[in-house]
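Asker: If you read the sequence shown in the numbering used here, its first letter stands for residue 7, the second for the next number, and so on.
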Amino acid sequence: MERYLDGLPLILVDQGRPLKELMHRARVDERDILAAAREKHGLERMDQIKYAILETNGMISIVPKTG
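Now the structure itself:
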């Protein structure tokens, strides 16, 4: 399930807003992002995510919103 795009990390969610075109290009859907958010941070909704980043190794990193 590794996905590469130009060898650079790719932001898929910005301030809780899914970047649909980039997600489509990377073949990632909201379910993939929410699964990573649940597993890593216990988050349940997209609006709890500050950033979701597709790393060059295919993993999705999640930066939760604070406050």
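Using N, Cα and C, we set each Cβ at its ideal position, and we do this for glycine too.
Quick check on the burial criterion: 16 or more other C-beta atoms within 10 angstroms. Buried or exposed for ILE17?
Answerer: Along the sequence shown, read from residue 1 onward, the residue named residue 17 stands at position 11. Exposed: under 16 other Cβ atoms inside 10 Å.
Asker: Among residues of its own chain, excluding the 5 on either side of HIS47, which ones have a beta-carbon nearer than 7 Å to its beta-carbon?
Answerer: In the sequence shown, the residue the question calls residue 47 occupies position 41. These residues qualify, in order along the chain: ILE68, PRO70.
Asker: Please name the residue in ASN63, THR62, TYR57 whose C-alpha comes closest to that of ARG23.
Answerer: Stepping through the sequence shown from its first residue, residue 23 is reached at position 17. Out of ASN63, THR62, TYR57, TYR57 has the C-alpha closest to the C-alpha of ARG23.
Asker: Got a sec, what are the start and stop residues for the beta strand (DSSP E) ASP20 sits in?
Answerer: For the purposes of this step, residue 20 is identified with residue 14 of the sequence shown, where counting begins at 1. It spans 16-20 - the beta strand (DSSP E) in which ASP20 sits, taken as one unbroken run.
Asker: Using 10 angstroms around the beta-carbon of ALA43, count the other beta-carbons present and answer buried if the total reaches 16, otherwise exposed.
Answerer: As a first step, residue 43 must be located in the sequence shown, where it is residue number 37. Its Cβ being crowded by 16 or more others within 10 Å, ALA43 is buried.
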